[in-house]
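See structure below.
Protein chains: 2
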Amino acid sequence: MAIGDVECCECTEVHEDKVKLLSGQMPGEDELCDLAELFKVFGDSTRIRILFALFRSEICVCDLAELLQMTQSAVSHQLRILKQARLVKSRREGKQVYYFLADDHVRTIIDQGLDHIQE
Amino acid sequence: MAIGDVECCECTEVHEDKVKLLSGQMPGEDELCDLAELFKVFGDSTRIRILFALFRSEICVCDLAELLQMTQSAVSHQLRILKQARLVKSRREGKQVYYFLADDHVRTIIDQGLDHIQE
DNA sequence: TAAACATATGATTATTTGTTCATATGTATA
DNA sequence: TATACATATGAACAAATAATCATATGTTTA
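Sequence order for the protein chains is D and Y.
Each residue of the first sequence is one higher than the one before, starting from 392 at the first, in the numbering used here.
Each residue of the second sequence is one higher than the one before, starting from 392 at the first, in the numbering used here.
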């Protein structure tokens, strides 16, 4: 179907009013994309494992690599993504950099996710 | 580094005890993957838009396509993913199939996500 | 039962993304 | 200041994935 053809089928008029109403209530494009980007960050088991580790305490990069049995580089790349999403923060102590959870949203979101899959 | 080389660097012994402790507390592989898979489903703006629409009321596939200005096929593919993740359910009414939210975890998770990005 | 409508789905393609490798940056210490 | 250590990052490659197209399935009605 060509772009610009509004209807995907013939049933458009069935709930035209409902669609119009909903259309006005949808969040803006920016907000939707930001939200999807945020959840994308949770959508990788390496990053989930990092977040679980940080539930207990802050931890430095090489300990994380050891814990997850991954290269320092791979862990560092993922930490960068977590940091850009403001899910973790870091502090330097000498040669080492310690990462920790940025706030409690992380716990809540993961807890809700656990609730869901355990149902 | 070859697989089997445990250390990524020389600092392993610095927090060896911490790593061991954490290692015993990490969730199982299955749980971690299920969780990541779940959040992957939230990590797409099309699916987020579908979920937002379902916040208001159940809605049929072609109305969703109209609302999102997408093809029926694309919407249907995404609904399948949402359904496999048990985030939505459906019921047939005549020729049309209505989708609706499976439970309240969806709202909670998205609300927490919104909280986070709006900070 | 045939035709029209609504939805589902397999195959293909373009894009995104996680890991690896090599290397750069930053910090401490001899 | 030279060296070693800890972390960060760019490029490349393989794997995952969202939209499209064509078509199949399921339902209603003439």
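We put the beta carbon where it would ideally sit given N, CA and C, even for glycine.
Quick check: is any heavy atom of the ligand ZN less than 8 Å from the C-beta of residue i?
i, result
"L426 of chain D", "Looking for the ligand ZN in the displayed structure turns up nothing, as the structure carries no ligands at all."
Quick one: grab the DSSP three-state call for residue i.
i, result
"K486 of chain Y", "coil"
"L412 of chain D", "helix"
"L473 of chain Y", "helix"
"S464 of chain Y", "helix"
"L492 of chain D", "strand"
"S481 of chain D", "strand"
"I394 of chain Y", "Note on I394 of chain Y: pLDDT 29, under 50, position unreliable in the model; no value is reported."
"I508 of chain Y", "helix"
Going by C-alpha distance, which of the options is nearest residue i?
i, options, result
"E449 of chain Y", "Y:A493, Y:H507 and Y:I508", "Y:A493"
"A456 of chain Y", "Y:T437, Y:L473, Y:F446 and Y:I472", "Y:T437"
"A444 of chain Y", "D:Q416, D:R447 and D:D454", "D:Q416"
"R477 of chain Y", "D:H507, D:V479, D:R483 and D:S467", "D:H507"
"Y489 of chain Y", "Y:H496, Y:D495, Y:V497 and Y:V479", "Y:V479"
"F491 of chain D", "D:T462, D:D454, D:Q509 and D:E510", "D:D454"
"E510 of chain D", "Y:E510, Y:D495 and Y:S464", "Y:D495"
Could you give the distance in angstroms between the alpha-carbon of residue i and the alpha-carbon of residue j?
i, j, result
"K411 of chain D", "Q469 of chain D", "41 Å"
"C400 of chain D", "K474 of chain Y", "Residue placement at C400 of chain D cannot be trusted, given a pLDDT of 48 that sits under 50; what the coordinates show is reported in the next sentence. Using only the alpha carbons, I get a separation of about 22 Å."
"R482 of chain Y", "V466 of chain D", "44 Å"
"K452 of chain D", "G419 of chain Y", "In the sequence as displayed, the identity of residue 452 of chain D is Val instead of Lys. Each residue's Cα considered, the two are about 22 Å apart."
"V497 of chain D", "R498 of chain Y", "16 Å"
"H406 of chain D", "I472 of chain Y", "24 Å"
"K409 of chain D", "F446 of chain Y", "13 Å"
"R461 of chain Y", "M461 of chain D", "It is Met, not Arg, that sits at residue 461 of chain Y in the sequence shown. So the two alpha carbons sit approximately 40 Å from each other."
"S464 of chain D", "A427 of chain D", "26 Å"
"S414 of chain D", "D421 of chain Y", "39 Å"
"Q487 of chain D", "Q487 of chain Y", "59 Å"
Give a yes or no on whether the C-beta atoms belonging to residue i and residue j are separated by under 9 Å.
i, j, result
"L442 of chain D", "I501 of chain D", "yes"
"R440 of chain D", "L423 of chain Y", "yes"
"F433 of chain D", "G485 of chain D", "no"
"D425 of chain D", "K431 of chain Y", "no"
Could you work out which residues of chain Y lie near residue i, taking near to mean beta carbons separated by less than 9 Å?
i, result
"H468 of chain D", "Residues of chain Y passing the Cβ test: none, with the nearest at roughly 13 Å."
For a contact defined as C-beta to C-beta under 7 Å, what are the partners of residue i on chain Y?
i, result
"Q475 of chain D", "Result: empty, since nearest Cβ-Cβ is about 12 Å, beyond 7 Å."
"G504 of chain D", "L426, L429, F430 and I500"
"S436 of chain D", "L423, C424 and A427"
Mind pulling the chain D residues with CB within less than 9 Å of residue i?
i, result
"F491 of chain Y", "Within 9 Å Cβ-Cβ: nothing; F491 of chain Y doesn't reach chain D, min ~13 Å."
"I439 of chain Y", "P418, L423, C424, L426, A427 and F430"
If the cut is a Cβ gap below 8 Å, which residues of chain Y does residue i touch?
i, result
"I508 of chain D", "E422, D425, L426 and L429"
Name the chain D residues that come within less than 7 Å of residue i, Cβ to Cβ?
i, result
"R447 of chain Y", "L413 and Q416"
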